[in-house]
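Residue numbers (the numbering used here), protein chains in the order written: chain A, 1 to 293; chain B, 1001 to 1348. Notes for the one structure printed next.
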Amino acid sequence: MSDTAPPFVAAPVRRKSAHGESLGVRIALIAVSLAFLLLFLALPLASVFVEASAKGWEAYRAAITEPDAQAAIRLTLLVAAIAVPFNIVVGVAAAWAIAKFEFRGKNLLISLIDLPFSVSPVIAGLVFVLLFGAQGYFGPWLQAHDIKIVFAVPGLILATIFVTFPFVARELIPHMQSLGTADEEAALTLGASPWRVFFRVTLPNVKWSLFYGVLLCNARAMGEFGAVAVVSGKIRGLTNTMPLHIEILYNEYMGAAAFAVASLLAGLALVTLALKTFLEWRFGDEIAASRRH
Amino acid sequence: MSVAVTIETIEKRFENFPALRGVSLDIQPGELVALLGPSGSGKTTLLRLIAGLEQADRGRVLFGETDTHDLSLRERRIGFVFQHYALFKTMNVAENIAFGLRSRPHRARPGESEIRKRVSDLLELVQLQGLEKRYPSQLSGGQRQRVALARALAIEPRVLLLDEPFGALDARVRKDLRGWLRELHGRTGHTTVFVTHDQEEALELADRVAILNDGKIEQVGSADDVYDHPATPFVCEFLGEANKLPVKVVGSLAFFGDRPVLGGITQNQGGLASLYVRPQHLRIVDETPLALPGTVEHLRRNGPLRRAEVAVEGLKKRLDVDLASQVAPAIGERVRLRITHGNLFAAA
């Protein structure tokens, strides 16, 4: 053996895990993540519920049952009940077109779907004021026909649809693209009508992606503030959604009442999260299978 | 007997790529036809055209006397088995097989008990009894393939089309399924077209093989036809192995250089030509007027076959020679080769 042979024995002094990071690094990474979650998510969320109950159960109940709060809750539910189904239909259609067909301008369409994510919600709201407001392009015509969009419920719905549009489509597009078109072709050669292909083959194949998209879309539709604030006009009992109602209460130094309503929204977020986790746990195999093949 | 499927001068182009360039083919009722060719030869496109999943730019596909151009996919009644089966993963085996029957318009739809009966008959046919409730993800590759076949057969198809039916399976399962499919075809008698790039598969299974190359059919014929009497140099090189010798034909003799190597040529083609000789048609001989001298450079064994690589002066590639006799030559030995059979094509 020559003395230039590689020194196998003397090489690594410090022990390392198979991943290459030392124990200290791993602990530090986990600690940083946990600290961040605690500071920026858990703590604020907890404070919402603490503040909400600061003045006792009676005040809490009063805050969420007073007429304006009730109107805000009803309006929020109404807006979500229209915006979410609309976005499901259009989102599925857009995802279908992008995933299953080849056409000119496809990349442009994909970028456009992302637009609401990259535009500030305030701008989104302003766009609708510019279009449909009294001084807007369609303003005079709308006034002449006695149709109110801005500072009314239709404006809220439009702004919410705009802001929440990408959720469904973005969940579906990559999934549908990975599935290809063979299943649909198989169903068609077996004599199925296009509707049957869609409802029995395409939709079941992507149902979990669709469901995630709808959950996220709904959470955002109920929680949206910026775009809705611009088009709402904040008329109490008429055009105030829950987030707007919360802001008004808070600005009027009614902190406990503000947090009481806020706790409902926060509760919705928690329910969404819990539902998602439950479904992943309960149907994990099926979800994995539907994405794999 | 009438023709089941007629393909008439089909042309099909994808963007700038001509996939099919004037393909014609007749398929007889009950026939099992293989579309064989390298990838990119247009075989899958042709299959999808017959199915109606693609539309031809020019030419027609007829089922019997009917032009299929105006038929919907449902009216075509095609049993298509996809390369990766395309089973519906959210449905179990029984629901997959019943899908075609349940998709019929209300008036033509059989009753539930009738459907159940058909499903169980088909499961028996493909030997998957007892797996009704399984989902595709719980089946092996071979089982999925058979479910796909049963699903396609459920609609009583006019023609059964299989895209690389054994492509996604491992070698042993493939062999088993091949025999089984041949037997199934014998029993059910469906007119069947399948696509493959595996020549062994095509030659063993099919009544007739259509060999495609570059968007055209090079030759159609029985396995013996295409293997023993290849119509083009491509078929000769694609099917099995062949040594290629540049020769000059004078009268009834083919000359390699100035040496006569093959006699008795009756084809009327004087001048330069390519002579294709399969390894089993080269024999090591002691003395003969028509022989090719060379040097053994390599000996190989491939299963039962022993093979020598023989270098011949004036030829870049060594000739592959199957050794029939028990006595193998030694490496470096000078041998004489006689060509017992060859295919001659005029040099392009």
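Just so you know, even glycine gets a beta-carbon here, dropped at the ideal spot from N, CA and C.
Quiz item: How about B:V1277 and B:V1310: do their beta carbons lie closer than 8 Å?
Solution: Using a Cβ distance threshold of 8 Å, B:V1277 and B:V1310 do not count as a contacting pair.
Self-check item: For B:N1016, three-class secondary structure by DSSP
Solution: Coil at B:N1016, not helix or strand.
Practice problem: Enumerate in chain order the residues of its own chain whose CB-to-CB distance from A:G255 is below 7 Å, with the five nearest sequence positions on each side excluded. | Solution: Excluding sequence neighbours, A:G255 sits near E51.
Quiz prompt | A:L172 versus A:L275 - alpha carbon distance | solution = Roughly 19 Å separates the two Cα atoms.
Quiz item: Between B:K1089 and chain E, is there a C-beta pair that is closer than 8 Å?
Solution: Protein chains A and B are contained in the structure displayed, whereas chain E is not.
Quiz item: Looking only at DSSP bridge pairs, what is B:H1298 linked to?
Solution: DSSP output for B:H1298 lists B:E1309 as bridge partner(s).
Quiz prompt | Three-state secondary structure assigned by DSSP to B:V1327 | solution = B:V1327: coil per DSSP, three-state reduction.
Exercise. Reducing DSSP to helix, strand and coil, say where B:G1356 ends up.
Key: Given a span of 1001 to 1348 for chain B in the structure shown, any question on residue 1356 of chain B remains unanswerable.
Quiz item: Does B:L1035 come within less than 8 Å of chain A when only Cβ atoms are used?
Solution: Answer no: the Cβ-Cβ gap between B:L1035 and chain A never drops below 8 Å.
Quiz item: Shortest alpha-carbon distance to A:A262 belongs to which of A:E185, A:P44, A:F40?
Solution: Here the closest residue by C-alpha is A:P44.
Quiz item: Considering only the beta carbon of each residue, do B:A1051 and B:A1206 sit closer than 8 Å?
Solution: Not closer than 8 Å, so no.
Quiz prompt | 6 Å CB neighbourhood of A:P6 in its chain, flanking five on each side removed | solution = With a pLDDT of 48 at A:P6, under the threshold of 50, the predicted position of this residue should be treated as unreliable, though the coordinate-derived value follows. By the criterion of a C-beta distance shorter than 6 Å, A:P6 is surrounded by no residue of its chain, once the five residues flanking it on both sides are discounted.
Practice problem: Tell me, please, whether the segment 1312 to 1320 of chain B touches the segment 1260 to 1270 of chain B by the rule of three or more beta-carbon pairs shorter than 8 Å. | Solution: Result no; under three Cβ-Cβ pairs closer than 8 Å.
Quiz item: Taking the C-alpha atoms as reference points, what is the distance between A:H293 and B:K1244?
Solution: Note that A:H293 scores a pLDDT of 43, beneath 50, so its modelled location is shaky; the value from the coordinates is reported in the next line. Those two C-alpha atoms are separated by around 45 Å.
Quiz item: Tell me, which residues are paired with B:N1243 by DSSP?
Solution: DSSP lists B:V1277 as partners of B:N1243.
Self-check item: Three-state secondary structure assigned by DSSP to A:G213
Solution: Look at A:G213 here: in three-state DSSP terms it is helix.
Quiz item: DSSP puts B:Q1219 in a beta bridge; with which residues?
Solution: Paired residue(s): B:I1211.
Quiz item: In terms of residue numbering, what span does the beta strand (DSSP E) encompassing B:I1339 cover?
Solution: 1334 to 1339 is the extent of the beta strand (DSSP E) around B:I1339.
Quiz item: Roughly how many angstroms separate the alpha carbons of B:G1090 and A:N205, rounded to a whole number?
Solution: Checking the sequence, you will find Thr at residue 1090 of chain B rather than Gly. Looking at the two C-alpha atoms, the distance is approximately 7 Å.
Quiz item: Under three-state DSSP, which class holds B:D1265?
Solution: Just to set this straight, residue 1265 of chain B is Ile in the shown sequence, not Asp. DSSP places B:I1265 in the coil class of the three-state scheme, outside both helix and strand.
Self-check item: Members of the segment 167 to 193 of chain A that neighbour chain B once the beta carbon cut-off is set at 8 Å
Solution: Of all residues in the segment 167 to 193 of chain A, the ones placed with a Cβ closer than 8 Å to any Cβ belonging to chain B are A182, D183, E185, A186, A187, L188, T189, L190, G191, A192, S193, in chain order.
Exercise. Would you please verify whether the beta carbon of B:R1151 is less than 8 Å from any beta carbon of chain A?
Key: Yes, its Cβ sits closer than 8 Å to a Cβ of chain A.
Quiz item: Considering only residues of the same chain and omitting the five flanking positions on each side of A:A11, which have a CB-CB separation below 6 Å?
Solution: Here the model assigns A:A11 a pLDDT of 49, short of 50, so the residue's position is not dependable, and the following value carries that caveat. Closer than 6 Å at the Cβ level, and outside the excluded window around A:A11, lies no residue.
Practice problem: Please decide whether B:I1027 counts as near chain A, where near means a Cβ-Cβ distance under 8 Å. | Solution: At a cut-off of 8 Å between C-beta atoms, B:I1027 does not count as an interface residue with respect to chain A.
Exercise. Could you work out which residue in B:F1082, B:T1066, B:Q1083, B:V1081 is closest to B:E1075 when comparing CA atoms only?
Key: Minimum Cα distance to B:E1075 is reached at B:T1066.
Self-check item: Cβ neighbours of B:H1341 in the same chain (closer than 7 Å, five flanking residues each side left out)
Solution: For B:H1341, where only same-chain residues beyond five positions count, the Cβ hits under 7 Å are H1281.
Quiz item: Under the three-state reduction of DSSP, which class applies to B:T1191: helix, strand or coil?
Solution: If DSSP states are grouped into helix, strand and coil, B:T1191 belongs with the strands.
Quiz prompt | Neighbour flag for A:P295 against chain B, beta carbons, 8 Å | solution = Outside the displayed span of chain A (1 to 293) sits residue 295 of chain A, for which this structure offers no information.
Self-check item: Amino acids of chain A, ordered along the chain, whose beta-carbon sits closer than 8 Å to that of B:L1073
Solution: Under a criterion of Cβ atoms nearer than 8 Å, the residues of chain A adjacent to B:L1073 are, in order, L188, T189, G191.
Quiz item: Is the shortest distance between the beta-carbon of B:S1103 and the beta-carbons of chain A less than 8 Å?
Solution: With 8 Å as the cut-off, B:S1103 counts as an interface residue toward chain A.
Quiz item: A:R196 CB to nearest chain B CB: under 8 Å?
Solution: With 8 Å as the cut-off, A:R196 counts as an interface residue toward chain B.
Quiz item: In its own chain, which residues sit with a C-beta less than 6 Å from the C-beta of B:L1162, not counting the 5 before and 5 after it?
Solution: Same-chain partners within the cutoff: V1081, F1194.
Quiz item: Cα separation between A:M176 and B:L1125?
Solution: Across the structure, A:M176 and B:L1125 are spaced so that their CA atoms are roughly 34 Å apart.
Quiz item: Does B:H1190 have its Cβ less than 8 Å from a Cβ in chain A?
Solution: With respect to chain A, the C-beta atom of B:H1190 has no partner C-beta closer than 8 Å.
Practice problem: Check the Cβ-Cβ distances between B:G1059 and every residue of chain A, and say whether any is below 8 Å. | Solution: Not flagged as an interface residue toward chain A: B:G1059, since no C-beta distance is shorter than 8 Å.
Quiz item: Using a C-beta cutoff of 8 Å, does B:I1007 count as contacting chain A?
Solution: So no, B:I1007 is outside the interface.
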